[in-house]
Amino acid sequence: MHRRLFISAWLIVSVLTAGMAFGISSSAAASAMSSLSPETRMDGQETRSYGTTRTLVVGDRGAYASIADALSDAADGDTIRIEAGTYREYALLVDRKVTILGVGRPVIDVENNGEGLRITADSVHVEGLEIRNVPTSHSRDHAAIRFERASGGKAIDNILDNTFFGIYLARAHDMEIRGNYLRAYHTRESISANGIHLWNSNRAVISGNEVFGHRDGIYLEYVQESSIHDNHVEKNIRYGLHFMFSDDCVYHNNRFEDNGAGVAVMYSRRVKMTSNKFINNWGASSYGLLLKEITDSEIFENEFSGNTIGIRSEGSDRVKKYRNRFHRNGWAIRIMASSMDNHITENNFIDNAFDVSTNSRQQSRNTFEANYWDKYSGYDLDGDGFGDIPYRPVRLFSLIVERNPMALMLLRSMFVQILDLTERVMPTITPETLVDEKPLMRKVAL
Amino acid sequence: MILKILKYQLRDVFRSRWIIAYVLFFLVLTDVLFRFGGDGLRVATSMMNIILIVIPLASIILGAFYLYNAREYIELLLCHPVKRHQLFWGMFLGLALPLVAAFAGGVMLPYLYNAASADAWQAALMLVFTGSMLTVIFVALAYYLALRFDDRIKGLGLALVICLFFTIIYDGIILFVIYIFSSYPLEKPVLALSLLNPIDLGRILLLLQFDISALMGLTGAVFREFFGTPLGMTVSVASLLLWLVVPVTAGFRRFLVKDF
Numbered sequence: 272m273h274r275r276l277f278i279s280a281w282l283i284v285s286v287l288t289a290g291m292a293f294g295i296s297s298s299a300a301a302s303a304m305s306s307l308s309p310e311t312r313m314d315g316q317e318t319r320s321y322g323t324t325r326t327l328v329v330g331d332r333g334a335y336a337s338i339a340d341a342l343s344d345a346a347d348g349d350t351i352r353i354e355a356g357t358y359r360e361y362a363l364l365v366d367r368k369v370t371i372l373g374v375g376r377p378v379i380d381v382e383n384n385g386e387g388l389r390i391t392a393d394s395v396h397v398e399g400l401e402i403r404n405v406p407t408s409h410s411r412d413h414a415a416i417r418f419e420r421a422s423g424g425k426a427i428d429n430i431l432d433n434t435f436f437g438i439y440l441a442r443a444h445d446m447e448i449r450g451n452y453l454r455a456y457h458t459r460e461s462i463s464a465n466g467i468h469l470w471n472s473n474r475a476v477i478s479g480n481e482v483f484g485h486r487d488g489i490y491l492e493y494v495q496e497s498s499i500h501d502n503h504v505e506k507n508i509r510y511g512l513h514f515m516f517s518d519d520c521v522y523h524n525n526r527f528e529d530n531g532a533g534v535a536v537m538y539s540r541r542v543k544m545t546s547n548k549f550i551n552n553w554g555a556s557s558y559g560l561l562l563k564e565i566t567d568s569e570i571f572e573n574e575f576s577g578n579t580i581g582i583r584s585e586g587s588d589r590v591k592k593y594r595n596r597f598h599r600n601g602w603a604i605r606i607m608a609s610s611m612d613n614h615i616t617e618n619n620f621i622d623n624a625f626d627v628s629t630n631s632r633q634q635s636r637n638t639f640e641a642n643y644w645d646k647y648s649g650y651d652l653d654g655d656g657f658g659d660i661p662y663r664p665v666r667l668f669s670l671i672v673e674r675n676p677m678a679l680m681l682l683r684s685m686f687v688q689i690l691d692l693t694e695r696v697m698p699t700i701t702p703e704t705l706v707d708e709k710p711l712m713r714k715v716a717l
Numbered sequence: 465m466i467l468k469i470l471k472y473q474l475r476d477v478f479r480s481r482w483i484i485a486y487v488l489f490f491l492v493l494t495d496v497l498f499r500f501g502g503d504g505l506r507v508a509t510s511m512m513n514i515i516l517i518v519i520p521l522a523s524i525i526l527g528a529f530y531l532y533n534a535r536e537y538i539e540l541l542l543c544h545p546v547k548r549h550q551l552f553w554g555m556f557l558g559l560a561l562p563l564v565a566a567f568a569g570g571v572m573l574p575y576l577y578n579a580a581s582a583d584a585w586q587a588a589l590m591l592v593f594t595g596s597m598l599t600v601i602f603v604a605l606a607y608y609l610a611l612r613f614d615d616r617i618k619g620l621g622l623a624l625v626i627c628l629f630f631t632i633i634y635d636g637i638i639l640f641v642i643y644i645f646s647s648y649p650l651e652k653p654v655l656a657l658s659l660l661n662p663i664d665l666g667r668i669l670l671l672l673q674f675d676i677s678a679l680m681g682l683t684g685a686v687f688r689e690f691f692g693t694p695l696g697m698t699v700s701v702a703s704l705l706l707w708l709v710v711p712v713t714a715g716f717r718r719f720l721v722k723d724f
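These protein sequence lines map, in sequence, to chains A and B. Counting in our numbering, the first sequence runs from 272 upward without gaps. Counting in our numbering, the second sequence runs from 465 upward without gaps.
Shown next, in the form of structure tokens:
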């Protein structure tokens with residue numbers, strides 16, 4: 272009786288789960304992959320029982336001593352299971368639809384001979400490997416894992432240690448790059464390469480990766496409709512995230528910390544960046560986020576803290592920035608006069624040396640409205656939550672520093688505070704139109 | 465002997481009301497900032513602005529007043545077998561130490577009972593260090609002035625002017641220089657200029673704590689080298705010490721030979 276109940280319950284649950292899996296997922300291939308639990312995929316015996324696909328085991332106890340042998344023997348749909356150990360192989364060509372699984376974290380040591388895996392077949396799944404020592408080259412883009420004109424593949428939970436390029440996607444669409452750990456050790460831009468590099472690859476999902484010490488942590492060029500989320504990108508030589516000509520992408524819950532020049536995004540439309548953290552990017556030309564020719568985009572609920580410049584905006588139009596936190600930055604926002612029609616609202620500006628600075632008195636219709644400024648000293652007599660007198664976030668001193676950077680020396684000097692005060696009482700030099708007409712009296716709850 | 469004079473001085477100072485007011489000023493201010501601002505780091509940043517104005521002013525005025533008022537007491541003691549250098553150090557430490565203690569205590573107490581984080585403590589200690597140095601430096605300046613000018617109006621007036629000069633006018637001059645010579649490489653001259661003003665020095669020391677992210681925005685390599693390394697800290701602290709030694713020695717010399 273009990274047994275029967277249990278079985279019927281199990282049936283209901285499994286039918287429901289399967290239904291949900293197929294219902295939610297947009298790509299059928301991806302859902303088929305993900306509905307297989309890792310246990311069944313890991314277990315060679317089980318897979319073998321289907322008959323049509325085989326599991327080729329590489330390792331001391333397996334049928335193959337080298338990965339290359341297994342690859343040349345494999346057919347579409349096979350699984351290549353690599354047992355723990357160190358494999359001194361390189362330039363492995365994957366031209367069949369196989370699943371490559373590392374069990375117990377096998378190491379592929381390229382020993383500076385060239386690239387690691389080159390994948391040219393669609394729907395290849397690479398998981399659980401550690402690939403080491405891919406050399407710098409000035410003529411070839413050596414990568415630990417390269418997908419070349421191969422779509423629908425996955426690279427999951429791999430460790431790429433001391434590589435030139437980490438994961439390289441060229442004309443590979445609908446890819447999933449998840450939970451990889453990438454680490455490189457170069458100190459100069461010219462001899463290092465990007466961690467996760469996408470070129471001409473649409474609809475990618477890049478999530479949960481950790482990237483350290485590369486040139487650019489994540490680099491995208493001509494990539495459309497992709498989602499980049501929950502990555503941790505730290506201490507890369509140039510940019511944490513760098514993308515160009517990549518429209519309609521979404522970036523959320525990423526953490527970009529202490530990268531050489533922060534995050535730079537350029538020449539893209541309809542970008543959405545939310546809930547990211549931009550932290551401690553220091554330097555004369557370093558930004559939390561550099562927006563260059565970014566249009567029709569939204570930047571909301573991000574945290575910018577401890578950066579020399581929180582957001583620098585150049586030639587970026589119709590960008591909405593709202594509900595962001597700017598804490599302890601040198602400059603929270605530097606908005607160049609070449610940026611138009613930006614809407615900056617409901618942000619918290621707290622403990623920044625300068626809230627907003629700009630390079631021109633003529634402001635091109637950028638609106639600042641209903642932000643919380645910790646330096647605002649107005650009052651709210653009618654009690655509507657907005658200050659009754661407008662707030663001018665551009666200090667006179669920030670204009671002085673704009674013209675003479677050396678003057679930054681005088682930050683927080685009494686003299687400078689008096690200058691700012693007189694300007695605030697009678698604005699004559701600071702941009703007239705750059706003003707928050709209804710500053711918030713209380714912090715935006717974020 | 466110094467200790468004996470010091471002990472008497474301390475008792476005298478702690479009995480007076482202004483030192484209590486001085487403690488309370490810092491105590492209440494820090495406490496209020498904690499209540500409104502929240503974390504200790506922000507409090508330290510706000511306190512920095514206040515300290516850089518209040519401490520030099522209070523120290524130099526109190527110092528000058530104190531020495532002028534103690535004139536008869538000094539004359540009386542000098543009739544006795546008290547060595548002049550002992551008396552000087554007793555008088556100097558007798559004012560500088562209570563002022564430092566009052567300031568340090570007033571600022572640190574709220575940090576104690578608000579259980580501030582390690583970061584905040586580091587900032588607070590830097591604050592207390594800079595404030596204490598400024599206190600001692602400006603007391604020394606005041607003593608020198610009070611010994612140099614017998615006319616109390618003149619001495620106090622000059623003390624005010626010096627204080628104003630270092631807090632405001634000096635920075636105006638620096639800004640002026642930066643503007644006039646903006647087409648020249650100015651990094652080193654401006655750096656040197658700011659080393660010549662103890663208040664600027666204190667300000668830079670604190671900026672290194674609180675506004676490093678903004679300071680890194682400076683394009684000049686000299687500045688980044690200076691600010692980015694312990695060298696900057698060392699040079700600033702050394703200059704502060706120099707600022708302490710010079711007026712104290714000058715006052716001391718004058719005290720030794722002065723005809724009261």
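The beta carbon of each residue, even a glycine, is placed where N, CA and C say it ideally should be. All values reported here derive from a predicted model rather than from experimental measurement.
Per-residue DSSP class, three states only, for residue i
i              : result
residue 585(B) : helix
residue 637(B) : helix
residue 517(A) : coil
residue 440(A) : strand
residue 267(A) : Outside the displayed span of chain A (272 to 717) sits residue 267(A), for which this structure offers no information.
residue 687(A) : helix
residue 623(A) : coil
residue 309(A) : A caution first: residue 309(A) carries a pLDDT of 41, below 50, which makes its placement in the model too unreliable to give a value.
residue 616(A) : strand
residue 734(A) : Outside the modelled stretch of chain A, which goes from 272 to 717, sits residue 734(A), for which no answer is possible.
residue 608(B) : helix
residue 697(B) : helix
residue 711(B) : helix
residue 539(A) : strand
residue 719(A) : For residue 719(A) there is no data in the structure shown, the boundaries of chain A being 272 and 717.
residue 473(B) : helix
residue 643(B) : helix
Residues that residue i bridges to, as DSSP identifies them
i              : result
residue 720(A) : The structure shown has nothing for residue 720(A), since chain A only spans 272 to 717.
residue 644(A) : 620(A)
residue 364(A) : 389(A)
residue 545(A) : 523(A), 571(A)
residue 326(A) : 350(A)
residue 636(A) : Paired residue(s): none; residue 636(A) is not in a bridge.
residue 401(A) : 378(A), 430(A)
residue 498(A) : 476(A), 521(A)
residue 662(A) : 707(A)
residue 597(A) : 575(A), 620(A)
Residue i beta carbon near the ligand FAD (any heavy atom closer than 7 Å)
i              : result
residue 614(A) : Ligands are entirely absent from the displayed structure, and the ligand FAD is therefore not among its contents.
Chain-ordered neighbours of residue i on chain C, where CB pairs are closer than 8 Å
i              : result
residue 525(B) : Absent from the structure: chain C. Protein chains present are A and B.
Against chain B: residues of the region 672-688 of chain A by CB proximity under 9 Å: 672, 674, 675, 676, 677, 678, 679, 680, 681, 682, 683, 684, 685, 686, 687, 688
Interfacial residues, the region 703-719 of chain B to chain A, with Cβ spacing under 9 Å: none
Residues in the region 582-606 of chain A having any Cβ partner in chain B nearer than 8 Å: 599, 600, 601, 602
Residues, ordered as in the chain, of the region 503-518 of chain B that lie near chain A by beta-carbon distance below 9 Å: 505, 506, 509, 512, 513, 516, 517
Chain-ordered residues of the region 664-682 of chain B with a beta carbon less than 9 Å from chain A: 664, 667, 668, 670, 671, 674, 675, 676, 677, 678, 679, 680, 681, 682
Contact between the region 544-561 of chain A and the region 509-527 of chain A (3+ Cβ pairs under 8 Å): yes
Validate contact between the region 462-480 of chain A and the region 428-444 of chain A using beta carbons, cut 8 Å, 3 pairs: yes
Given 8 Å, three or more beta-carbon pairs between the region 592-602 of chain B and the region 523-532 of chain B: yes
Three-pair Cβ contact test at 8 Å for the region 669-677 of chain B versus the region 504-519 of chain B: yes
Inter-stretch contact at 8 Å, needing at least 3 Cβ pairs: the region 559-578 of chain B / the region 496-507 of chain B: yes
Within 7 Å of chain A by C-beta, residues of the region 624-638 of chain B in sequence order: 631, 632, 635, 636, 638
Cβ contact (3+ pairs, closer than 8 Å) linking the region 691-708 of chain A and the region 534-553 of chain B: no
Stretch-stretch touch, CB-based, cutoff 8 Å, three pairs: the region 360-373 of chain A with the region 335-349 of chain A: yes
At least three beta-carbon pairs within less than 8 Å, the region 680-690 of chain A to the region 633-642 of chain B: yes
The region 619-632 of chain A touching the region 648-655 of chain A, judged by at least three CB pairs closer than 8 Å: no
Whole alpha helix (DSSP H) elements within the region 509-574 of chain B, 4-residue minimum: 535-542
Residues from the region 608-626 of chain A in contact with chain B, defined by Cβ distance under 9 Å: 621, 622, 623, 624, 625
Validate contact between the region 413-426 of chain A and the region 454-463 of chain A using beta carbons, cut 8 Å, 3 pairs: no
Members of the region 542-565 of chain A that neighbour chain B once the beta carbon cut-off is set at 7 Å: 553, 554, 555
Residues from the region 641-652 of chain B in contact with chain A, defined by Cβ distance under 8 Å: 642, 643, 646, 650, 651
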